[in-house]
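Colleague: Residue numbers (our numbering): 7 to 439.
Using N, Cα and C, we set each Cβ at its ideal position, and we do this for glycine too.
Quick caveat, the model's predicted, so the values are computed rather than measured.
For reference, the structure I am asking about is given below.
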Ligand code: ZN
């Protein structure tokens with residue numbers, strides 16, 4: 007068969023048109039989703055060419071919203087288009103995680119006078135409940151803040167409020183999307199974090215819950231949240247007893263360990279971490295760091311951190327200053343989060359399980375509180391055996407300290423301040439600066 011040779015502008019049109027189609031198809035291929043229902047709207051014209059591939063979900067209101075968006079985008083484009091080489095492509099990626107729930111992202115590529123621009127838009131067929139959007143945002147912030155290299159560049163203030171984040175239902179979770187420049191430098195591009203549905207289980211819409219396996223532990227923000235903390239361990243016997251109780255009820259706590267005890271009690275330290283507990287430092291030798299020199303403070307923290315890193319494989323990111331003694335030097339040298347407490351059981355003084363239990367029960371509410379105990383007394387471990395089921399029966403979920411700060415206070419941990427009783431009671435933010 008003879009090749010078609012192009013002799014005039016007119017007869018070239020079909021091959022240009024073919025090139026346009028090929029280009030559009032290649033563009034669509036990049037954004038193929040798992041959902042297949044779609045409608046193609048297409049025109050090759052000297053006054054501007056477009057190719058739109060939009061989903062048809064049979065949810066009439068949702069389809070109408072998408073149709074209107076594409077119509078508007080097309081009208082806007084045709085106002086500026088001047089030739090067939092000015093093009094508009096709209097590809098769509100649609101997700102359907104539960105019966106009547108759809109999430110669609112539209113990728114809009116415009117070429118005008120050879121300038122190419124890409125824009126992204128997100129649509130959901132179902133509104134997010136307050137609990138679901140809150141939990142998805144907090145979870146995404148936790149993921150972001152766990153990456154220290156990213157946090158150095160991040161705009162913490164913007165991340166804290168994160169009013170601009172967009173949410174999208176996908177097949178496996180909720181994507182939290184920050185526009186380029188919103189929280190990280192614009193050169194980092196769009197920041198997109200996928201929060202798996204399992205992590206949001208208690209607050210999922212029923213249609214997604216049906217398709218999601220319930221994990222062993224998720225944070226349920228519809229419950230009251232409280233953090234148990236244990237200082238001065240690890241202790242081979244009593245830390246183990248505390249962990250047995252937590253494990254029995256599927257709960258977690260936070261352990262502030264004295265560095266020089268860690269190597270000899272590696273087993274319980276590793277076990278705590280593996281259970282989802284937070285394990286952090288309490289200085290190397292239980293030193294009072296309030297008036298210590300910068301060198302002494304750095305040494306006490308660094309040695310404790312190294313001891314924990316040796317058994318856990320990673321350095322802790324927070325510490326509790328022994329005696330809750332905080333001074334200006336500690337606040338300025340430490341690049342760790344400094345954690346205090348809001349309920350003191352005085353367990354070290356009474357050494358009496360019943361008194362420890364009574365001191366916790368005497369609080370009007372423990373929602374948002376951090377309870378101080380010590381992992382080195384039998385009386386404390388015995389008290390925990392009874393306190394954990396009592397807390398659960400009274401509508402509490404036990405969380406780690408960082409979870410409490412993130413989920414209860416919708417806050418992000420920062421260095422250079424001390425999270426003390428004022429903070430955890432929600433009355434006032436600590437001000438040591
Ligand atoms: Zn202590």
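I need the DSSP call for residue 338, collapsed to helix, strand or coil.
Modeller: Counted from its first residue, the chain shown places residue 338 at position 332. If DSSP states are grouped into helix, strand and coil, residue 338 belongs with the helices.
Colleague: How would you write the range of the beta strand (DSSP E) that residue 343 sits in, first residue to last?
Modeller: Working through the chain shown from its first residue, we reach residue 343 at position 337. 343-345 is the span of the beta strand (DSSP E), which, as asked, contains residue 343.
Colleague: Comparing C-alpha positions only, which one of 245, 206 and 194 sits nearest to residue 181?
Modeller: By 1-based counting over the chain shown, the position of residue 181 is 175. The shortest C-alpha separation from residue 181 is found at 206.
Colleague: Does any heavy atom of the ligand ZN sit closer than 7 angstroms to the C-beta of residue 322?
Modeller: To locate residue 322, count along the chain shown from 1; it is residue 316. Checking the Cβ of residue 322 against the ligand ZN gives no.
Colleague: First and last residue of the alpha helix (DSSP H) that includes residue 71?
Modeller: Taking the first residue of the chain shown as position 1, residue 71 is located at position 65. Counting along the chain, the alpha helix (DSSP H) containing residue 71 begins and ends at 66-86.
Colleague: Please name the residue or residues paired with residue 370 in a DSSP beta bridge.
Modeller: For the purposes of this step, residue 370 is taken as the residue at position 364 of the chain shown. Paired residue(s): none; residue 370 is not in a bridge.
Colleague: Please determine whether the Cβ atom of residue 238 lies at a distance below 7 angstroms from any heavy atom of the ligand ZN.
Modeller: By one-based count along the chain shown, residue 238 stands at place 232. Yes - the ligand ZN has a heavy atom lying nearer than 7 angstroms to the Cβ of residue 238.
Colleague: Tell me the rounded alpha-carbon separation between residue 447 and residue 245.
Modeller: A question about residue 447 goes unanswered here, because the residues of the chain that appear run from 7 up to 439.
Colleague: Exposed or buried, what is residue 162 when buried is set at 16 or more other beta-carbons lying within 10 Å of its beta-carbon?
Modeller: The count along the chain shown starts at 1 and reaches residue 162 at position 156. Counting Cβ neighbours within 10 Å, residue 162 comes out exposed, since fewer than 16 surround it.
Colleague: Hey, how far is the Cα of residue 32 from the Cα of residue 103?
Modeller: As a first step, residue 32 is located in the chain shown; it is residue number 26 there, counting from the start. As a first step, residue 103 is located in the chain shown; it is residue number 97 there, counting from the start. Cα to Cα, residue 32 sits roughly 26 angstroms from residue 103.
Colleague: I need the DSSP call for residue 106, collapsed to helix, strand or coil.
Modeller: To locate residue 106, count along the chain shown from 1; it is residue 100. Three-state DSSP puts residue 106 in coil, outside helix and strand.
Colleague: With a threshold of 7 angstroms (Cβ to nearest heavy atom), would residue 292 be considered close to the ligand ZN?
Modeller: Sequence index remark: in the chain shown, residue 292 carries index 286 (1-based). Flag set: Cβ of residue 292 near the ligand ZN.
Colleague: By Cβ distance below 6 angstroms, which residues in the same chain neighbour residue 271 in space, the five residues on each side in sequence not counted?
Modeller: For the purposes of this step, residue 271 is identified with residue 265 of the chain shown, where counting begins at 1. Only 240 and 242 meet the Cβ criterion.
Colleague: Three or more C-beta pairs closer than 8 angstroms, one from the region 142-151 and one from the region 66-76: is that the case here?
Modeller: The answer is no - the region 66-76 does not touch the region 142-151, with fewer than three Cβ pairs under 8 angstroms.
Colleague: Are the beta-carbon atoms of residue 218 and residue 377 separated by less than 8 angstroms?
Modeller: As a first step, residue 218 must be located in the chain shown, where it is residue number 212. As a first step, residue 377 must be located in the chain shown, where it is residue number 371. No. Outside cutoff.
Colleague: Rounding to the nearest angstrom, what Cα-Cα distance links residue 369 and residue 343 in this structure?
Modeller: Working through the chain shown from its first residue, we reach residue 369 at position 363. Working through the chain shown from its first residue, we reach residue 343 at position 337. Cα to Cα, residue 369 sits roughly 26 angstroms from residue 343.
Colleague: Kindly list the residues whose CB is nearer than 7 angstroms to the CB of residue 255, restricted to its own chain and excluding five residues on each side of it in sequence; keep chain order.
Modeller: The count along the chain shown starts at 1 and reaches residue 255 at position 249. For residue 255, where only same-chain residues beyond five positions count, the Cβ hits under 7 angstroms are 394, 395 and 398.
Colleague: Taking the continuous beta strand (DSSP E) assigned at residue 132, which residues delimit it?
Modeller: Here the question's residue 132 lines up with position 126 in the chain shown. Taken as a continuous stretch (DSSP letters only), residue 132 belongs to no beta strand (DSSP E), as it is neither H nor E.
Colleague: For a quick check, are the C-beta atoms of residue 362 and residue 387 less than 8 angstroms apart?
Modeller: The count along the chain shown starts at 1 and reaches residue 362 at position 356. The count along the chain shown starts at 1 and reaches residue 387 at position 381. For residue 362 and residue 387, no; Cβs fall outside 8 angstroms.
Colleague: Using 8 angstroms for Cβ pairs, my map puts residue 200 next to residue 173. What's the rounded Cβ distance?
Modeller: For the purposes of this step, residue 200 is identified with residue 194 of the chain shown, where counting begins at 1. For the purposes of this step, residue 173 is identified with residue 167 of the chain shown, where counting begins at 1. Not confirmed; about 11 angstroms, so no contact.
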